[in-house]
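Okay, structure first, notes after.
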Amino acid sequence: MPEGLATTHEAGAHRALQHHFENMEQQREAGTLGMWVFLVTEIMFFGALFLAYTLYRYKYPEAFAAASNHLDIRLGAINTVVLIFSSFTMAMAVYFTQVGKRRASIIGLLLTIVLGVAFLGIKAVEYHEKYQDHLIPGRLIPGNPFNPDVHELKLPPGVPVGNVEMFYWIYFAMTGMHALHMIIGVGLLTVLTIMAWRKRFSPEYHAPVEITGLYWHFVDIVWIFLFPLLYLLGRHMEHG
Amino acid sequence: MSEHIVHPRIYITIFLILMVGTGLTVLAAFRDFPGPLNAVVALTIAVVKATFVVLYFMHVRYSSRLVWLVIAAALFWLAIMFALTISDYSTRSWLPVM
Numbered sequence: 009m010p011e012g013l014a015t016t017h018e019a020g021a022h023r024a025l026q027h028h029f030e031n032m033e034q035q036r037e038a039g040t041l042g043m044w045v046f047l048v049t050e051i052m053f054f055g056a057l058f059l060a061y062t063l064y065r066y067k068y069p070e071a072f073a074a075a076s077n078h079l080d081i082r083l084g085a086i087n088t089v090v091l092i093f094s095s096f097t098m099a100m101a102v103y104f105t106q107v108g109k110r111r112a113s114i115i116g117l118l119l120t121i122v123l124g125v126a127f128l129g130i131k132a133v134e135y136h137e138k139y140q141d142h143l144i145p146g147r148l149i150p151g152n153p154f155n156p157d158v159h160e161l162k163l164p165p166g167v168p169v170g171n172v173e174m175f176y177w178i179y180f181a182m183t184g185m186h187a188l189h190m191i192i193g194v195g196l197l198t199v200l201t202i203m204a205w206r207k208r209f210s211p212e213y214h215a216p217v218e219i220t221g222l223y224w225h226f227v228d229i230v231w232i233f234l235f236p237l238l239y240l241l242g243r244h245m246e247h248g
Numbered sequence: 005m006s007e008h009i010v011h012p013r014i015y016i017t018i019f020l021i022l023m024v025g026t027g028l029t030v031l032a033a034f035r036d037f038p039g040p041l042n043a044v045v046a047l048t049i050a051v052v053k054a055t056f057v058v059l060y061f062m063h064v065r066y067s068s069r070l071v072w073l074v075i076a077a078a079l080f081w082l083a084i085m086f087a088l089t090i091s092d093y094s095t096r097s098w099l100p101v102m
């Protein structure tokens, strides 16, 4: 056959195989690579937020330590455990799909959804506490401008409250973007669960599960960095 | 290269390592290390945890060289972004500006 002409796959090819791929193996590899290229853009996107955090922490060390100490370390740690556990159930869901155990993979996906929603719930409790303490930066909430109890913050004398506000801008930007990714992830997992329920996956074809897994683990990694940087940075000064 | 299936035993091991790492980072945060060491310890633990997630949960250890290259390129560009920006901000006070 002359080169460049469209080819049709032989009769035995998997029905999920797209016409521009030679075989399932090549299709799977291309999908994984494409997902990683997307994750690179995500790394650069969150990287910029981490860079902003680094610069302002370097500029306002006392205010950042005081503001960080005001975050609820217990809820932050519980959320870290919840998210790592959800990464584990996601990995297990991928495994059970690979070996063709549909029921187990659906249970894995559902557990991941439950843990993801639990994370968002705990995050909402934290946001509500910040709202009650007037720690939402700027005038994002009408009638509840940024107005913290300076005494409770234990801010060293001479440190402007505006520097604390900067911490909370960064805190809400980073955890907010992270939570948005979690919400999207829970949506994707719901679609996957329905697809798995309808027997759309098999040991030969399960790229959507694999690729959503990559996304979910990436979101987990972002939190692995957010937790120490936001919640733990000033603790040692508190007890020093 | 055919798809590598990671055994659940490895996933459980990685999960336990991540849990230990989380415990360690909380414990370390309450100890007062000299100078900037608190941040160094916290970031080191985070990098180790992230590496385990990438290598095993995300199957990169068993992925093609092309995936490795894409990740290396991302980290390289990330390093450029941090290095150039921090070199700017950290040296602004070196020269008197009119």
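Quick mapping for you: the protein sequence lines, in order, are chains A and B.
The first sequence begins at 9 in our numbering and counts up by one.
The second sequence begins at 5 in our numbering and counts up by one.
Where a beta carbon is used, it is the ideal one built from N, C-alpha and C, also for glycine.
Quick one: using the 10 Å Cβ neighbour count with 16 as the cut-off for buried, is residue i buried or exposed?
i              : result
R202 (chain A) : Looking at the sequence shown, residue 202 (chain A) is not Arg but Ile. Counting Cβ neighbours within 10 Å, I202 (chain A) comes out exposed, since fewer than 16 surround it.
E218 (chain A) : buried
H159 (chain A) : exposed
I1 (chain A)   : With chain A covering only 9 through 248, there is no way to say anything about residue 1 (chain A).
V199 (chain A) : exposed
M9 (chain A)   : Interpretation of M9 (chain A) is limited by its pLDDT of 47, a score under 50 that renders its predicted location unreliable; the figure taken from the coordinates is listed afterwards. Classification of M9 (chain A): exposed, given that the 10 Å Cβ count is below 16.
E173 (chain A) : buried
M52 (chain A)  : exposed
Y15 (chain B)  : buried
D228 (chain A) : buried
N155 (chain A) : exposed
S67 (chain B)  : buried
I9 (chain B)   : exposed
W2 (chain B)   : Because chain B spans 5 through 102 in this model, residue 2 (chain B) falls outside it and cannot be assessed.
Could you name the residues of chain A that residue i contacts, counting a contact when the two beta carbons are closer than 8 Å?
i              : result
V74 (chain B)  : L41, W44, V45, V48
R35 (chain B)  : H244
A54 (chain B)  : I229, I232, F233
T89 (chain B)  : L59, L63
L82 (chain B)  : I51, M52, G55
Y106 (chain B) : Nothing about residue 106 (chain B) can be read from this structure; chain B reaches only from 5 to 102.
Can you name, in chain order, every residue of its own chain whose Cβ lies under 7 Å from the Cβ of residue i, other than the five neighbours on each side?
i              : result
F37 (chain B)  : V45
Y114 (chain A) : Correcting the residue type first, residue 114 (chain A) is Ile in the shown sequence and not Tyr. Around I114 (chain A): T201, A204, W205.
E134 (chain A) : D80, L83
A60 (chain A)  : I178
H78 (chain A)  : L161
E212 (chain A) : H22, M32
A187 (chain A) : L128, K131
Once you ignore the five residues that flank residue i on each side, which residues in its own chain have a CB closer than 6 Å to its CB?
i              : result
H214 (chain A) : T105
S94 (chain A)  : T120, L123, G124
V58 (chain B)  : V64
L197 (chain A) : L117, T120, I121
Strictly below 8 Å CB to CB, what residues from chain B border residue i?
i              : result
Q106 (chain A) : E7, I9
P236 (chain A) : T29, A33, A46, L47, I49, A50
V89 (chain A)  : M23, T26
P70 (chain A)  : According to the sequence shown, residue 70 (chain A) is Glu rather than Pro. What E70 (chain A) touches in chain B: nothing, since even the nearest Cβ is about 15 Å away.
A132 (chain A) : Ordered by position in chain B, no residue passes the 8 Å Cβ test against A132 (chain A), which lies about 22 Å from the chain.
A85 (chain A)  : T26, V30
Please list the partners that residue i has in chain B, where partner means a Cβ-to-Cβ separation under 9 Å.
i              : result
H136 (chain A) : Within chain B, no residue comes near H136 (chain A); the closest Cβ sits about 23 Å away, beyond 9 Å.
Going along chain A, which residues have a C-beta under 7 Å from residue i?
i             : result
P12 (chain B) : M100, Y103
S68 (chain B) : E37
Which residues in chain A have a C-beta closer than 9 Å to the C-beta of residue i? List them in chain order.
i             : result
F19 (chain B) : I92, F93, S95, F96, A99
List the residues of chain E that residue i touches, going by C-beta distances under 8 Å, in chain order.
i             : result
V57 (chain B) : Structure shown: chain E not included; protein chains present are A and B.
For residue i, which residues of its own chain have a beta-carbon under 8 Å away from its beta-carbon, when the five flanking residues on both sides are left out?
i             : result
A32 (chain B) : N42, V45, A46, I49
I84 (chain B) : none
Residues of chain B with CB under 7 Å from residue i, in chain order?
i              : result
A126 (chain A) : None at all; the shortest Cβ gap to chain B is about 16 Å.
*Does the segment 17 to 24 of chain B come close enough to the segment 51 to 58 of chain B to have 3 or more Cβ pairs within less than 8 Å?*
yes
*Any contact of the segment 64 to 75 of chain B with the segment 232 to 243 of chain A, i.e. 3+ C-beta pairs under 8 Å?*
no
_Secondary structure, alpha helix (DSSP H): runs of 4+ residues fully inside the segment 27 to 96 of chain B_ = 41 to 56, 69 to 93
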